[in-house]
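J.: Residue numbers (the working numbering): 0 to 131. Virtual Cβ for every residue (Gly too), placed ideally from N, Cα, C. Being a predicted model, the structure only gives us computed values, none of them experimental.
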Ligand SMILES: C[S@@+](CC[C@H](N)C(=O)[O-])C[C@H]1O[C@@H](n2cnc3c(N)ncnc32)[C@H](O)[C@@H]1O
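And the structure:
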């Protein structure tokens with residue numbers, strides 16, 4: 000399974016943990032999100048200060064500790080890349096999910112959809128996935 004625009008990886012983690020997918024690739028072009036997601040799903044924790052949008056005072060920040068409910072099983076992979084040019088051979092995935100991505104790519108929706116269709120066109124076992 001390929002999750003395009005995976006962000007901090009919550010959906011990719013849930014899908015990977017609740018299905019029998021051998022490999023779930025969570026792709027996002029923001030390396031920071033991918034690094035945090037990778038750490039958190041490997042049973043590490045990540046602490047971040049969250050400042051509410053309208054906070055007038057710096058001390059309104061709240062310290063959050065991010066942690067996954069359980070370490071991800073093997074096969075959850077985080078990849079930093081552009082969803083328009085996913086670095087996989089055509090047909091590498093049997094399922095492509097685009098949670099909250101195509102609707103934030105104005106003018107590029109067709110390209111993004113074409114890229115995900117390319118990635119998913121031919122059904123092949125996920126074991127044959129090759130990362131570029
Ligand atoms: C609105 S967020 C959604 C994040 C996550 N899927 C969710 O549902 O919470 C959009 C995500 O898409 C990523 N993104 C936007 N354009 C992208 C692109 N061209 N390639 C890869 N990721 C992209 C952003 O970095 C961000 O993490």
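Relative to the alpha-carbon of residue 0, which residue among 103, 102, 98 has its alpha-carbon at the smallest distance?
T.: Answer by Cα proximity: 98.
J.: According to DSSP, what are the bridge partners of residue 47?
T.: Bridge partners of residue 47: 63.
J.: Could you check what DSSP says for residue 27 in three-state terms: helix, strand or coil?
T.: Three-state DSSP puts residue 27 in a strand.
J.: If contacts are defined as beta-carbon pairs under 8 Å, then residue 65 and residue 35 qualify, I think. What distance do you get, rounded to the angstrom?
T.: With a Cβ gap of about 7 Å, residue 65 and residue 35 count as contacting.
J.: Quick test of the definition: if touching needs 3 or more C-beta pairs under 8 Å, does the stretch 69-80 touch the stretch 23-32?
T.: Cβ pair count under 8 Å is three or more, so yes.
J.: I'd like the list of long-range same chain contacts for residue 81, defined as Cβ closer than 7 Å, with 5 residues on each side in sequence excluded.
T.: Excluding sequence neighbours, residue 81 sits near 28.
J.: Let's test the definition: count the other Cβ atoms within 10 Å of the Cβ of residue 50 and tell me whether it reaches 16, buried, or not, exposed.
T.: The residue is exposed, with fewer than 16 neighbouring Cβ atoms inside 10 Å.
J.: Kindly indicate which three-state DSSP category residue 100 falls into: helix, strand or coil?
T.: It is coil, neither helix nor strand.
J.: Judging by CA-CA distance, which residue of 33, 14, 47 is the nearest neighbour of residue 61?
T.: Of the listed residues, the one whose Cα sits closest to residue 61 is 47.
J.: Please report the distance separating the alpha-carbon of residue 96 from that of residue 32.
T.: The alpha-carbon atoms of residue 96 and residue 32 are separated by roughly 18 Å.
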